[in-house]
Amino acid sequence: MADNTKRIAVVGGGLVGALNACYFSQRGFEVDLYERRPDIRTLEHVRGRSINLALSCRGREALKGVGMEEMVTATGIPMYARMIHNTDGTRKPILYGKKDQYIMSVDRRKLNEDLLTEAEKHPGVRLHFSHKLVSCNVDTGEMHFKDASGKDLHTRSDLIVGCDGAYSAVRQQMMKSMRFDFSQEYIPHGYMELHMPPSANGKHAMETNYLHIWPRNAYMMIALPNQDGSFTVTMFMPFEVFEAIQTEEDLMRFFKEKFPDSLPLLGEQALKETFFNNKALPMVSVKCGPYHHKDKLVIMGDAAHAMVPFYGQGMNCGFEDCLIFNDILDQTNNDFGEALKKFTAYRNVDARAMCDLAMYNYIEMRASVNSKLFLLRKKVDNFLHWLLPDRWIPLYTMVSFTRTRYHKCINGRKKQDMILERGAVLLVLGSSLFVGVCVWRGKLGDLAEKICSKALESANRLYEILPLSY
Ligand SMILES: Cc1cc2nc3c(=O)[nH]c(=O)nc-3n(C[C@H](O)[C@H](O)[C@H](O)COP(=O)(O)OP(=O)(O)OC[C@H]3O[C@@H](n4cnc5c(N)ncnc54)[C@H](O)[C@@H]3O)c2cc1C
Ligand SMILES: COc1ccc2c(c1)CN(c1nc(C(=O)N(C)c3cc(Cl)c(F)cc3C(=O)O)c(Cl)s1)C2
1 MADNTKRIAV
11 VGGGLVGALN
21 ACYFSQRGFE
31 VDLYERRPDI
41 RTLEHVRGRS
51 INLALSCRGR
61 EALKGVGMEE
71 MVTATGIPMY
81 ARMIHNTDGT
91 RKPILYGKKD
101 QYIMSVDRRK
111 LNEDLLTEAE
121 KHPGVRLHFS
131 HKLVSCNVDT
141 GEMHFKDASG
151 KDLHTRSDLI
161 VGCDGAYSAV
171 RQQMMKSMRF
181 DFSQEYIPHG
191 YMELHMPPSA
201 NGKHAMETNY
211 LHIWPRNAYM
221 MIALPNQDGS
231 FTVTMFMPFE
241 VFEAIQTEED
251 LMRFFKEKFP
261 DSLPLLGEQA
271 LKETFFNNKA
281 LPMVSVKCGP
291 YHHKDKLVIM
301 GDAAHAMVPF
311 YGQGMNCGFE
321 DCLIFNDILD
331 QTNNDFGEAL
341 KKFTAYRNVD
351 ARAMCDLAMY
361 NYIEMRASVN
371 SKLFLLRKKV
381 DNFLHWLLPD
391 RWIPLYTMVS
401 FTRTRYHKCI
411 NGRKKQDMIL
421 ERGAVLLVLG
431 SSLFVGVCVW
441 RGKLGDLAEK
451 ICSKALESAN
461 RLYEILPLSY
């Protein structure tokens with residue numbers, strides 16, 4: 001058990017801060033959580049604005065660590081496959097894997113509320129809302145907050161855990177107080193969330209258990225299902241394209257050309273209202289390090305590694321930070337000096353890798369991925385995984401369905417790209433191997449005997465290229 005006299009200040013009561021408060025209180029620490037916004041549990045629910053997120057393996061394992069996985073997944077919606085929407089209105093499903101391999105669409109606000117409520121159950125936890133961190137002293141643990149009325153509050157803690165998001169004030173303080181590497185990159189795309197209401201019968205307007213995607217190279221739309229029968233649809237487009245759509249006619253023309261099948265489901269009037277009453281929001285990628293200072297301060301979640309959302313991993317990665325830090329506290333018997341150093345040493349390389357993977361996927365999808373190519377790539381991935389289950393594990397499987405360290409996934413990506421670039425060779429290999437396997441099983445005449453030996457010879461060559469493990 002922890003030294004109960006030690007106090008931990010969690011700055012930021014978003015998803016990662018709230019989960020950390022659950023972990024720290026579970027270890028017996030006194031926790032003060034400071035959140036800039038008012039208590040979201042007291043705010044009335046704004047209808048039609050439910051925002052959702054894809055929860056996958058890493059995030060679920062972290063929630064399991066504080067006994068929250070059941071509660072969260074009870075109201076999540078499984079997504080067993082992507083549904084690719086082609087411009088001609090046809091659609092194609094691509095499974096994520098076997099029946100038990102799915103990701104979940106979860107309601108962001110409900111998840112945040114449930115985690116805050118869980119943390120608050122512990123007597124040693126105090127939640128301070130409408131407390132904005134203005135500055136902190138990385139050496140003494142002193143903090144300066146302003147409350148909703150602008151009143152100053154000064155306090156101190158044994159450990160400051162910065163979970164205050166992509167524009168973190170704790171990280172800004174680290175930048176001023178120590179040797180600290182920092183880089184950020186805004187991408188030229190912005191995003192806007194649209195609402196796809198339930199059909200008249202209250203059911204989902206599209207197939208429920210899918211992550212719906214409209215990949216259009218420079219433009220993309222993604223839709224995740226909500227419990228109430230609606231979908232939250234996220235549009236991704238260059239800011240200049242958002243800005244070029246000046247009139248309702250421009251907007252209708254654009255959607256009829258790019259996303260025709262979605263228009264009747266979104267509703268033309270509702271789409272116009274949302275589009276012209278909201279601004280496209282930016283997406284930023286932040287890499288930095290070290291994540292800690294002595295035994296006094298550490299940052300996690302988007303504060304440490306904000307990433308573009310093109311892998312659906314930001315929250316999952318931040319949740320995994322909490323799980324990993326908790327494991328390190330076990331290993332170091334709650335020695336903050338040791339634990340913070342180990343956290344940076346272990347996690348920084350992985351978080352940087354995930355930021356790179358997400359950016360890489362953005363660039364790849366923006367440049368070359370339309371429905372056909374997206375389909376082809378996933379089908380080749382799934383075929384090779386079927387053919388060589390232990391040797392070819394699709395990258396998205398490594399990232400979203402295992403807890404393989406992110407930097408090991410990225411090594412795999414480089415090898416897979418090299419192989420996929422030789423697509424033709426691979427397809428010949430794959431198909432001749434497939435025919436060879438059929439021969440093997442006696443399904444074809446002796447004609448293909450030669451193919452079989454050729455296929456085996458090629459397969460051996462393929463094995464040489466493929467990694468045994470990442
Ligand atoms: C369009 C989009 C889609 C996404 N989809 C997914 C997805 O499908 N799956 C996934 O895993 N991730 C997804 N993400 C990423 C995910 O939203 C973030 O990674 C996650 O919210 C990070 O959580 P956090 O707690 O670190 O930061 P945040 O959620 O940003 O929380 C930070 C908290 O700190 C508070 N705060 C900030 N400054 C201060 C201060 N000075 N003092 C006190 N409090 C402060 C804020 O009010 C906030 O409550 C998506 C992101 C975007 C933009
Ligand atoms: C709420 O807003 C958002 C915004 C983006 C995302 C999510 C939620 C959830 N996202 C997931 N991405 C993967 C993934 O691994 N890849 C490679 C994909 C990447 C893109 Cl961009 C895509 F469109 C499909 C896949 C896919 O494979 O389905 C998952 Cl697995 S879940 C992206």
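For the sequence shown, the UniProt record's numbering assigns the number 1 to the initial residue and increments by one for each residue that follows. Every residue gets a Cβ at the ideal spot worked out from N, C-alpha and C, and that includes glycine.
Range covered by the beta strand (DSSP E) that runs through residue i
| i | result |
| --- | --- |
| H212 | Y210 to R216 |
| I94 | R91 to L95 |
| P188 | D181 to M196 |
| A148 | From DSSP, A148 is part of no beta strand (DSSP E); its letter is neither H nor E. |
| R82 | A81 to H85 |
| L15 | Element bounds for L15: not the beta strand (DSSP E) but the alpha helix (DSSP H), L15 to Q26. |
| F236 | F231 to P238 |
| K287 | L281 to G289 |
| V161 | L159 to G162 |
| A200 | Element bounds for A200: n/a, residue is neither H nor E. |
| K294 | First-last for K294: undefined, no H or E at that position. |
| D32 | E30 to Y34 |
| M220 | Y219 to P225 |
| V72 | Run containing V72: none in the beta strand (DSSP E); it sits in the alpha helix (DSSP H), E69 to A74. |
| L251 | Careful: L251 lies outside any beta strand (DSSP E), inside the alpha helix (DSSP H) at E248 to K258. |
| I8 | R7 to V11 |
| K131 | In the sequence under discussion, the amino acid at residue 131 is His, which differs from the Lys named in the question. Its beta strand (DSSP E) spans residues H131 to C136. |
Environment of residue i [buried if 16+ CB atoms lie within 10 Å]
| i | result |
| --- | --- |
| M418 | exposed |
| P264 | exposed |
| H189 | buried |
| I84 | buried |
| P123 | exposed |
| L297 | buried |
| W214 | buried |
| L468 | A caution first: L468 carries a pLDDT of 33, below 50, which makes its placement in the model unreliable, though a value can still be read off. Result: exposed. |
| Y186 | exposed |
| R253 | exposed |
| residue 513 | This structure cannot speak to residue 513, because the chain is shown only from 1 to 470. |
| R82 | buried |
| K287 | buried |
| G337 | exposed |
| E30 | buried |
| G150 | exposed |
| V11 | buried |
| residue 507 | Absent from the model: residue 507. The displayed extent of the chain is 1 to 470, so no value can be given. |
| N348 | buried |
| Q184 | exposed |
Host alpha helix (DSSP H) of residue i (start-end)
| i | result |
| --- | --- |
| residue 473 | Outside the shown range of the chain, which is 1 to 470, sits residue 473, and nothing can be said about it. |
| M398 | L395 to F401 |
| P264 | L263 to L266 |
| A62 | C57 to K64 |
Proximity winner among the options, relative to residue i (alpha-carbon distances)
| i | options | result |
| --- | --- | --- |
| L55 | L251, L211 and E273 | L211 |
| Y34 | G59, L153, N333 and H305 | L153 |
| A280 | R7, M192, M354 and Y219 | M192 |
| F24 | K98, R126 and C57 | R126 |
| R216 | P260, R179, K414 and G430 | P260 |
| Y406 | D88, M283, C57 and D381 | C57 |
| P38 | S105, D107, F129 and R156 | F129 |
| N86 | M221, E185, K6 and D181 | M221 |
| N52 | Y96, F29, C22 and K110 | K110 |
| I363 | D390, Y311 and G430 | Y311 |
| L95 | Y396, L357 and F275 | Y396 |
| K98 | P389, Q416 and V437 | P389 |
| M237 | D356, F255 and N333 | F255 |
| A205 | S177, Q246, S262 and R179 | S262 |
| R60 | R27, G89, G141 and Y102 | Y102 |
| D107 | R27, Q26 and D228 | D228 |
| C22 | R36, I40 and A62 | A62 |
| I77 | L194, A169, S230 and S135 | S230 |
- [ ] Spell out a yes or no on whether the region 337–349 and the region 289–296 are touching, meaning 3 or more CB-CB pairs, one atom from each, closer than 8 Å.
- [x] Contact check between the region 337–349 and the region 289–296: three or more CB pairs, one atom from each, fall below 8 Å, which counts as touching.
- [ ] Give a yes or no on contact between the region 10–19 and the region 103–121, applying the rule of three or more CB pairs nearer than 8 Å.
- [x] Here the region 10–19 makes contact with the region 103–121; the two share three or more CB pairs at distances below 8 Å.
Task: Complete beta strand (DSSP E) runs within the region 297–325 (minimum length 3 residues, chain order) - done: Counting only runs of 3 or more residues that sit fully inside the region 297–325, the beta strand (DSSP E) segments are 297–299, in chain order.
TODO: Assess, as a yes-or-no matter, whether the region 368–384 is touched by the region 59–68 under the definition of 3 or more beta carbon pairs within less than 8 Å.
DONE: The region 59–68, when compared against the region 368–384, does not touch it at the 8 Å Cβ threshold.
Task: Start-end ranges of the alpha helix (DSSP H) lying completely within the region 373–397, minimum 4 residues - done: Listed in chain order, there is nothing to give.
- [ ] Kindly provide the ranges of any alpha helix (DSSP H) runs that are 4 or more residues long and lie completely inside the region 96–128, ordered along the chain.
- [x] Entirely contained in the region 96–128, the alpha helix (DSSP H) runs reaching 4 residues are, in chain order, 108–120.
Open item on the list: Below 8 Å, how does it come out for the region 148–162 and the region 4–15: are there three or more Cβ pairs, yes or no?
Closed with: Inter-segment contact for the region 148–162 and the region 4–15 is present: three or more beta-carbon pairs are separated by less than 8 Å.
Task: contact_flag[the region 407–414, the region 349–359] where n(CB pairs < 8 Å) is 3 or more - done: Contact between the region 407–414 and the region 349–359 is present, because at least three Cβ pairs lie under 8 Å.
Open item on the list: Check whether the region 166–181 and the region 192–203 touch, using three or more Cβ-Cβ pairs below 8 Å as the test.
Closed with: Because the criterion of three Cβ pairs below 8 Å is not met, the region 166–181 and the region 192–203 do not touch.
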